[in-house]
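**Q**
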Amino acid sequence: MAQKPSIPKGMRDFDPQTMVKRNYIFDTIKSVFKRFGYLPIETPAMENLTTLLGKYGEEGDKLLFKVLNSGDFLAGVDTSTDNLFAQKMATKISEKGLRYDLTVPFARFVVQYRNDIVFPFKRYQMQPVWRADRPQKGRYREFYQCDVDVVGSDSLLNEAELVQIVDDVFKQLKINVIVKINNRKILSGIAEYIGATERLTDITVAIDKLDKIGIEAVNNELIEKGLSVESIDLLQPVLFMTGNSREKIEKLKLLIGQTETGLKGIDEITILFNYLDFFNLNLGFELDLTLARGLNYYTGAIFEVKSKDASMGSICGGGRYDDLTGIFGMPGVSGVGISFGADRIFDVMTELSLFPTGTSETTLALFVNFGKFEELYCLPFVQQLRDDGLNTEIYPDHEKMKKQIKYADQKKIPYVIIAGENEIEHNQFTIKRMSTGEQFTVKNTEIVHILKELAAN
RNA sequence: GUGGUUGUAGCUCAGUUGGUUAGAGCAUCAGAUUGUGGUUCUGAGGGUCGCGGGUUCGAAUCCCGUCUUCCACCCCA
C-alpha cells in the first residue's frame with residue numbers, strides 16, 4: 054500500500070463511464086455557445102505570475118498555484134533569514150502560475166492580439182483551472198470552467214444574451230435553475246448613499262452573507278469593520294427590502310436614485326429586465342441585492358445561477374468588467390461574460406439523476422475473433438462498417454468465445470458478429486443481438502446495410 | 001489559512017478490554033461448458049491494516065506526527 058500510486062489532493066481521475074457523462078455536458082454547452090456565434094480559443098495552463106497576481110484580491114493570490122522556476126531556482130536569491138518570508142520569496146523563485154480562471158487569461162489574450170481581433174469579440178473557452186483551496190463538496194483544486202465572453206461592446210443586449218445562453222444550456226440539461234442578478238453600480242450607489250463609499254468591499258461581503266447568517270450578524274460584522282451607526286441605520290431599508298424584482302427596483306430608486314452610479318445601475322438593470330421579460334425564457338430570474346461576488350473586477354451586472362432542486366452552491370457565475378484589459382494596458386474596452394462550472398453541473402446532474410441512459414459513444418458491433426484465418430475474413434467488413442460511420446471493433450485476441458461475448462456484454466455492445474468455419478464457407482455472418490440473445494445469419498455483402506438499419510432503431 | 005472528520009483486499013465494510021496465521025460480500029481470474037454473455041456451482045489470486053515514529057513481551061486496535069478523504073468557516077465554479 055505504501056507504494057500505491059496516487060494523485061495530488063483535490064484532483065481527480067475520470068473513468069470512461071464518467072467521461073461519457075462529462076462529455077455530454079461539455080458537448081451540450083459547446084453547441085449552445087456556437088449557436089450564439091461564439092468562437093473558441095485556448096490559452097496555456099500557466100500564465101506569468103505578473104498576469105495573475107493582484108487580479109483576484111488578497112484571497113485569490115493565496116489560492117494561486119505557483120510553479121517553481123526551472124533549474125536552480127535558488128540561484129542568485131538572497132536566502133538570508135530576514136528574507137525568508139513566503140510571500141517575499143514566492144515571486145523570486147517562481148515566475149509562473151497555474152491559471153485561476155479563464156477571464157483574466159482572456160483579458161491578457163485580448164490585449165496581446167488586439168490588432169488581430171475583430172470587435173465585438175465573442176469567444177468561448179472550456180479548460181481546466183486550478184485553485185489551492187481546501188477541497189470539499191463541489192469544490193475541487195482542478196476543475197473545468199466553460200466561459201463565454203463578449204469584449205468591445207457596452208450593449209446590455211450582451212448581458213441579456215448571456216442569460217439566454219444560460220437558459221438554453223440548462224433547458225437542454227434539464228436542470229431547473231434560477232438566475233440571480235445584481236449590479237455592482239447599485240451596490241456602489243448603496244455604499245455612497247449610506248456615506249461609506251470606500252467601504253464597498255466590506256459592505257458587499259457582509260450583505261452577501263445575509264441569507265446565511267441573518268441580519269443581526271451582518272450588522273455586527275459591519276460594526277466590527279468600523280462602519281458608523283448612521284451608515285448601518287441607512288442600510289437597513291436596503292437589507293429589509295421586500296417585493297418582486299420590479300418593486301425592489303422602484304424602492305431602490307427612491308433610496309439611491311440621487312447618487313450618480315446608483316441611478317446608472319438602476320437604469321442598467323431595468324433595461325436588462327426589459328429584455329429578459331421580452332424573451333421567452335424557461336428559467337427564473339430575479340434581482341438579488343445580496344449577490345455581491347468576490348471578484349474584484351466586476352463593474353456592472355453580476356450573475357449567479359443556482360439549481361432549484363440540488364444542494365449545491367452556484368453552478369454558473371459572471372458579470373460585466375469595464376476595465377480588465379486596462380490592467381494590461383488597453384483601457385476603455387468593456388467586457389461581459391459568464392462561466393459554467395462543469396464539475397458542479399456534473400454533481401448536480403448526478404444528485405438529480407439527470408443523465409440520459411442511452412449514449413451514442415459505445416461500440417455498435419463487436420466481431421468475435423476465432424483465429425488468424427477467420428480474422429482475415431472479418432477485417433474487410435470491419436473496415437467497411439467503420440467507413441460507413443458505425444462504431445465497430447474486432448476482438449484482438451483468439452480467446453474463448455465466452456470471454457469475448459462477456460466482453461461485449463460488459464461494454465454494453467448491442468451486436469456481436471460471429472464468423473466461424475460455417476459462416477465463412479457460405480459467405481455469411483451470424484449476428485447476435487445481445488439484449489435478447491437471438492441470432493440470425495445474413496449474407497456478408499449485406500452486413501453493413503443490416504447493421505445500419507439495426508443501429509437506426 | 002482555521003476547526004472537525006476519515007483511512008483495513010480493486011469496491012463496500014466486519015475485526016471483542018491490545019493477544020497466535022486480519023475476515024465477509026461484491027468484483028477479478030480459472031474450471032464445470034475447446035462456437036455463445038448477463039443465472040448457478042467449484043476453486044484460486046489479492047493486505048507491511050494510509051505512511052513514519054513511539055508505548056508494550058505483543059499494536060489494525062493506545063499515543064504523537066504526517067498525508068489523504070469528507071464537512072464547516074473563509075472564499076468560490
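The first sequence runs 54 to 510 under this note's numbering. Glycine is no exception: its CB is placed at the ideal position from the N, C-alpha and C atoms. Keep in mind it's a predicted model, so treat the numbers as computed, not measured.
Quick one: give me the first and last residue of the beta strand (DSSP E) that L340 is part of.
**A** Note, L340: beta strand (DSSP E), G337 to L340.
**Q** Which class does I470 belong to by DSSP, given the choice of helix, strand or coil?
**A** If DSSP states are grouped into helix, strand and coil, I470 belongs with the strands.
**Q** When the Cα atoms are used, what is the spatial distance from M54 to R192?
**A** With a pLDDT of 38 at M54, under the threshold of 50, the predicted position of this residue should be treated as unreliable, though the coordinate-derived value follows. Each residue's alpha carbon lies about 27 angstroms from the other.
**Q** Express the C-alpha separation of K175 and S84 in angstroms, rounding to a whole number.
**A** Whole-angstrom Cα-Cα distance: 14 angstroms.
**Q** To which residues of the same chain is P384 closer than 8 angstroms at the C-beta, ignoring the five residues directly before and after it?
**A** Result list for P384: D376 and T378, in chain order.
**Q** If you follow the alpha helix (DSSP H) that F172 is in, where does it begin and where does it stop?
**A** Element bounds for F172: n/a, residue is neither H nor E.
**Q** In or out: E357 buried (at least 16 other Cβ within 10 Å) or exposed?
**A** Its Cβ being crowded by 16 or more others within 10 Å, E357 is buried.
**Q** Which residues in the same chain as Q217 place their Cβ atom closer than 8 angstroms to its Cβ, once the five residues preceding and following it in sequence are excluded?
**A** Answer for Q217: F89, F332 and L334, listed in chain order.
**Q** So V85 is in the alpha helix (DSSP H); what residue range does that whole segment cover?
**A** P69 to R88 is the span of the alpha helix (DSSP H), which, as asked, contains V85.
**Q** Taking C-alpha atoms, which residue in K485, V469 and T494 lies nearest to N475?
**A** The option with the nearest alpha carbon to N475 is T494.
**Q** Quick check on M54: does DSSP put it in helix, strand or coil?
**A** Because the pLDDT at M54 is just 38, under 50, the model does not fix this residue reliably, and the value given afterwards should be weighed accordingly. Note: M54 maps to coil in three-state DSSP.
**Q** Could you tell me the distance, in whole angstroms, from the CA atom of S241 to the CA atom of P290?
**A** Each residue's alpha carbon lies about 16 angstroms from the other.
**Q** Would you report the Cα separation of V164 and G382, rounded to the nearest angstrom?
**A** Answer to the nearest angstrom: the Cα atoms are 7 angstroms apart.
**Q** So, at 6 angstroms on beta carbons, what are the nonlocal neighbours of G371 in its own chain, with the 5 sequence-adjacent residues on each side left out?
**A** So the qualifying residues of the chain are F356, G390, I391 and S392.
**Q** Run through DSSP, which three-state label would Y91 get?
**A** Residue state, collapsed to three classes: coil.
**Q** Would DSSP call R65 helix, strand or coil?
**A** Looking at R65 - three-state DSSP - the assignment turns out to be coil, as it is neither helix nor strand.
**Q** Assuming contact is defined by CB atoms lying nearer than 7 angstroms, are H451 and N497 in contact in what I supplied?
**A** No, the pair does not count as a contact, with Cβ atoms beyond the cut-off.
**Q** Give the secondary structure of T415 by DSSP, where H, G and I count as helix, E and B as strand, and everything else as coil.
**A** It is coil, neither helix nor strand.
**Q** Assign T352 to buried or exposed, taking buried as 16 or more other Cβ atoms, counted over all protein chains shown, within 10 Å of its Cβ.
**A** By the neighbour-count rule (16 or more Cβ atoms within 10 Å), T352 is buried.
**Q** In whole angstroms, what separates the C-alpha of D202 from that of E300?
**A** Near 30 angstroms, if we compare the C-alpha coordinates of E300 and D202.
**Q** Identify, in the order they occur along the chain, each residue of the same chain with its Cβ nearer than 7 angstroms to the Cβ of K465, setting aside the five sequence neighbours on each side.
**A** Same-chain partners within the cutoff: T415.
**Q** Can you grab the Cα-Cα spacing for the pair L27 / N229, in whole Å?
**A** Past the boundaries of the shown model lies residue 27; the chain is included only from 54 to 510, so the question cannot be answered.
**Q** Identify whether Y350 lies in helix, strand or coil by the three-state DSSP scheme.
**A** Here Y350 sits in coil by DSSP.
**Q** Please tell me whether I484 and Y468 are closer than 7 angstroms, where the distance is taken between their beta carbons.
**A** Yes, the Cβ-Cβ distance between I484 and Y468 is below 7 angstroms.
**Q** Is L429 buried or exposed, if buried means 16 or more other CB atoms sit within 10 Å of its CB?
**A** When all chains shown are included, L429 counts as exposed.
**Q** Here's the rule: buried if 16 or more other CB atoms are within 10 angstroms of the residue's CB, otherwise exposed. What is F426?
**A** Under this definition F426 is an exposed residue.
**Q** Can you look up K108 in the DSSP assignment and give me helix, strand or coil?
**A** K108 falls in the coil class under three-state DSSP.
**Q** At what residues does the alpha helix (DSSP H) containing I302 begin and finish?
**A** Element bounds for I302: S298 to I309.
**Q** Determine the burial state of Y166: buried for a count of at least 16 other Cβ atoms within 10 Å of its Cβ, exposed for fewer.
**A** Per the 10 Å Cβ criterion, exposed.
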